[in-house]
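Peer 1: Residues in the sequence shown are numbered consecutively from 0, following numbering that gives the first Met the number 0. A virtual CB, placed ideally from N, CA and C, is assigned to each residue, including glycine.
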Amino acid sequence: MCNYVYISTFQMKKNIIIFLLFLPIFSFSQTIKVIDSQTFRGIESVIVKSDNKPLSMTNFEGIAKSFSTKDSLEIEVVAQGYITQKIWFFTNKNLQILLEPTSFELNEVVVKSYESGRKLSETPASIAVLKRLDLERFSNNSLVPAINTLAGVRMEERSPGSYRMSIRGSTLRSPFGVRNVKIYWNDLPLTDASGNTYLNQLDFSNIGRVEILKGPSGSLYGAGTGGVMLLESQKAKSGNEVSSSLLTGSYGLINYGFSLKSASEKQNTFLNYAVSKADGYREQSAMKRESISWQSHFFIDEKRSIAAQFLYSDLYYQTPGGLTFAQTQTNRQQARPKAGTFQSAIDQKAAIYLKTFWLGLTQEYLLGKNWKNQTGIYLSQTRAENPSIRNFERRIEPSFGGRTTTNYRFADSFLKGTLHFGAEYQSGFFTNKTYGNRKGNADSLQTDDEIKSNQLLLFGQIDLDLSNTWFVTLGGSYNQLNTRFVRLGKNAQEYERAFEPVFAPRIAILKKMGEYLAFHGSVASGFSPPTVAEIRPSEGSFNTTLNPEKGTNVEVGMRGKAFKQKLYFDITAFQFLLKETIVLRRTADGADYFQNAGNTNQQGLEMSFSYQISSKLKTFLNYTYHDFKFAEYVVNKTDFSGNKLTGTPPQILNYGIDYASKSGLYANLTYHFTDKIYLNDANTDYASGYRLLHTKLGFRKNWKHFNTDFFVGIDNALNEKYSLGNDLNAAGNRFYNPAAERNFYGGMRLGWRFM
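#1: Quick one: what does DSSP say N199 is sitting in, helix, strand or coil?
#2: To the nearest angstrom, report how far apart A491 and V485 are at their CA atoms.
#3: Would you call the region 186 to 204 in contact with the region 411 to 428, where contact means no fewer than 3 C-beta pairs closer than 8 angstroms?
#4: For a test of the three-state rule: what should DSSP assign to T618, helix, strand or coil?
#5: Whose C-beta lies closer than 6 angstroms to the C-beta of S379 among residues of the same chain, with five residues either side of it excluded?
#6: Taking just the CA atoms, how far does R389 sit from A503?
#7: Exposed or buried, what is F25 when buried is set at 16 or more other beta-carbons lying within 10 Å of its beta-carbon?
#8: Give every residue of the same chain whose Cβ lies closer than 6 angstroms to the Cβ of Y670, excluding the five residues on either side of it in the sequence, and list them in chain order.
#9: Between the C-alpha atoms of I676 and N715, what's the straight-line distance to the nearest angstrom?
#10: Could you tell me whether any Cβ in chain B is nearer than 8 angstroms to the Cβ of D448?
#11: Pull up the CB-CB distance for A507 and A124, whole angstroms please, since I reckon it's below 8 angstroms.
#12: Quick one: what's got a C-beta closer than 6 angstroms to L433's C-beta in the same chain, skipping five residues either side?
#13: Check whether the region 272 to 290 touches the region 126 to 138, counting contact only when three or more Cβ pairs, one atom from each stretch, lie closer than 8 angstroms.
#14: Only counting the same chain, and skipping five residues up and downstream in sequence, which positions put a Cβ closer than 6 angstroms to that of D448?
#15: For T586 and R535, what's the separation of their Cα atoms in angstroms?
#16: How long is the line joining the alpha carbons of S763 and S141, rounded to whole angstroms?
#17: Could you tell me the alpha carbon to alpha carbon distance between F21 and K64, rounded to whole angstroms?
#18: Out of G401, K371, N453 and D411, point me to the one whose CA is closest to L418's CA.
#19: Got a sec, what are the start and stop residues for the alpha helix (DSSP H) V531 sits in?
#20: Since T247 and G746 should fall inside the 8 angstroms C-beta cutoff, what is the C-beta to C-beta distance between them, to a whole number of angstroms?
#21: Check whether the region 700 to 710 and the region 284 to 297 are in contact - that is, three or more C-beta pairs closer than 8 angstroms.
#22: From L841 to D638, what distance separates their C-alpha atoms?
#23: Measure from the alpha carbon of Y311 to the alpha carbon of each residue in N51, E493, N199 and F698, then state which is nearest.
#24: When we look at the beta-carbon of T472 and count the other beta-carbons within 10 Å, is it buried (16 or more) or exposed?
#25: Let me make sure I understand the geometry here. Which of P648, I211, T196 and P159 has the alpha-carbon closest to that of G688?
#26: Let me confirm a value: S28 is counted as buried when at least 16 other C-beta atoms fall within 10 Å, else exposed. Which label applies?
#27: Report yes if the CB atom of W184 is closer than 8 angstroms to the CB atom of L230, and no otherwise.
#28: Can you list, in chain order, the stretches of the beta strand (DSSP E) that have 3 or more residues and sit fully within the region 258 to 321?
#29: Which residues in the same chain as Y352 place their Cβ atom closer than 6 angstroms to its Cβ, once the five residues preceding and following it in sequence are excluded?
#30: Any idea if Q328 is buried or exposed, counting beta-carbon neighbours within 10 angstroms, 16 or more meaning buried?
#31: Tell me where the beta strand (DSSP E) around V143 begins and ends.
#32: Which residue wins for smallest C-alpha separation from G160, given the options M56, E43, E289 and A262?
#33: Grab the span of the alpha helix (DSSP H) containing F324 for me, first residue to last.
#34: For D133, name the three-state secondary structure that DSSP assigns.
#35: Taking just the CA atoms, how far does R331 sit from R741?
#36: Hey, out of N51, S36, S55 and D50, whose CA is closest to S44's CA?
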């Protein structure tokens, strides 16, 4: 017996020694965690395989069961509703992998809208989603063409860097920029306390995902009858990677950048530097933007995570000004010429200089098994100079604010759901000095104004899931806005406008009819107070009589899959009745001012279809029909009631086809049609409809350490002559901002992934 023990012990020691001696050639086990790139939550039932052989599958936390490998190998990570990712897995390394939802499996996409965290197929709302691959179907330089593929959404660019955006016709009150649409960036407001959004300060590389909520969303997001846009930064997918990109194209386009991405179990970081330049299609339309941004998500422990982000952007773009129809026929590329006592855009060096600093910090904390809180704060400041044909403006716009949301999840045998409640507060102090403009230089001081704006939003919402077939949302918000205006100098004035608090309710219901079909409907109240730029417009006065817009939106829709789940469809019909509509007017010398235009009746149909022809080929079709009219609108005894709404095309159609092979070759083709657009309230002038064709061809490949993407493309391949970003109700009928004719681009992205 003793001998047996001795031999066994000796043999055990011998085996241990042999194991230690040969340890380097034995295999090791590592951990792989797979999470959703937007929610940072683990994905269950993900298959990890190599050479088409399954190695492991993730559990409910997204962690793959341990498997062994003696060397690095290329693994394939596969999950329903997500883009399959191939990546090299190295020994002795734990790996965190972020998966992107597919553009086709929209039914399975988890949306952040309305704080529900539900799949789109279970969310009773009109929501459009663009992921990074959707954005990259075009030149990788601008959001405009990708946004314009969505039903019910329109983005315009008068010249490089000069954006205007609308959802369901909200262009009516936007001479430029973004009005009546609330925008958030990584869960914090990008729209400041004045109601203004400097969307053009974000470089294309700053955006990884876009969610757009159509129609009033005041029950959770406050002011804005147009809708809400939720922007998410790019995220590191796995490991550590450095990359550089270069894009060049017609009309002096050049864009280059450098980025660092890092993902581990404890953090996810994206650091980016980008420069974009363009000479522009027209005279006086050059642009340059330089930006540096940083976003990090730190996973402190199982209960707490912290997200920090920073942006500094320095943007300069020239403003060529609008042309008459006759001027576009003579020379489409000219800037606004001299007229009467007004100098030309070139002589006045018309341009906009913007420098923006933005800093945000957010904490997410699990308060218990069923409670969660997310609280964030931000600071921002923008310095702006705007020499224009009329004058020279200088603005300093510091702003701060925060948002907090608490969620409580509950469940029993029949009823489960989530209660959300929270608050949002924003405050800004803006100084605005207007001078004469002497050929691009500030002349004598004309006005010296100070404006303080405060907004308070209190909201609550309950989402109910009844037996996994009925989904009900009940929500509402309390909104308060106060604006104080002081004009300094010998003609000193002081006004304060405290808008009456508004309660904005919303009720929405969705019914699932089996696994692949759902019907939804909603009724929502919305309001939109005047922005600071509307209360104190370029005309120079302070408007004490401008009232908030208020409206009610009713919509019904259906979404689902058919034909063996290869066809995805989303169809919505709506009617929006808006009272006290704010519209843009212009003085004889071209200055902007705003007034309430009575009521408008806006009804429409929005349809989206996509079809997976094969594993390599996908096609989509999006269609918008908007029948928007002035219900009651009288200006200076002229009755415009019954006229079509200014600036909104009745029909828009987008058709696209995408090809992507396993070898890395890909191709995108997009056809776009926009109907004619009325340019003034009298409907006497309009811009003709136009058709655009965009193409892109590329090769994208991930090697062991090296990632590549090479591409070339053509925008406006049909060489259409059209105007994008028309000046509505323009003085002297200078409505048109001609867009670029046929143009070409090419670029590449190179990345190196570290072990």
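Peer 2: Looking at the coordinates:
#1: Of the three classes helix, strand and coil, the one that applies to N199 here is helix, per DSSP.
#2: 7 angstroms
#3: yes
#4: strand
#5: W357 and S398
#6: 40 angstroms
#7: At F25 the pLDDT is 35, less than 50, meaning the model places this residue with poor confidence; the figure from the coordinates comes in the next sentence. Exposed.
#8: Y654 and L692
#9: Computed Cα separation, rounded: 19 angstroms.
#10: Here chain B cannot be found, since the structure has a single protein chain.
#11: 6 angstroms
#12: Checking the displayed sequence, the identity of residue 433 turns out to be Thr instead of Leu. Here the set comprises N390, E392, Q445 and T446.
#13: Per the Cβ contact rule, the region 272 to 290 is not in contact with the region 126 to 138 (fewer than 3 Cβ pairs under 8 angstroms).
#14: N431 and R486
#15: 14 angstroms
#16: A question about residue 763 goes unanswered here, because the residues of the chain that appear run from 0 up to 754.
#17: Any reading at F21 must be qualified, since the residue scores a pLDDT of 36, below 50, and its modelled position is unreliable; the value itself is stated next. Note on geometry: alpha-carbon atoms of F21 and K64 lie some 25 angstroms from one another.
#18: K371
#19: V531 to I534
#20: 7 angstroms
#21: Because the criterion of three Cβ pairs below 8 angstroms is not met, the region 700 to 710 and the region 284 to 297 do not touch.
#22: Residue numbering for the chain in the displayed model covers 0 to 754; residue 841 lies beyond these limits and cannot be assessed.
#23: Of N51, E493, N199 and F698, the residue nearest in Cα terms is N199.
#24: By the Cβ-count criterion, T472 is buried, with 16 or more other Cβ atoms from all chains shown falling within 10 Å of its own Cβ.
#25: P648
#26: Legend: pLDDT at S28 = 45, less than 50; position of this residue unreliable, no value from coordinates given.
#27: yes
#28: 266 to 277, 286 to 298 and 303 to 317
#29: Correct list, in chain order: Y315 and E384.
#30: exposed
#31: Careful: V143 lies outside any beta strand (DSSP E), inside the alpha helix (DSSP H) at V143 to I146.
#32: E289
#33: F324 to T329
#34: helix
#35: 14 angstroms
#36: S55
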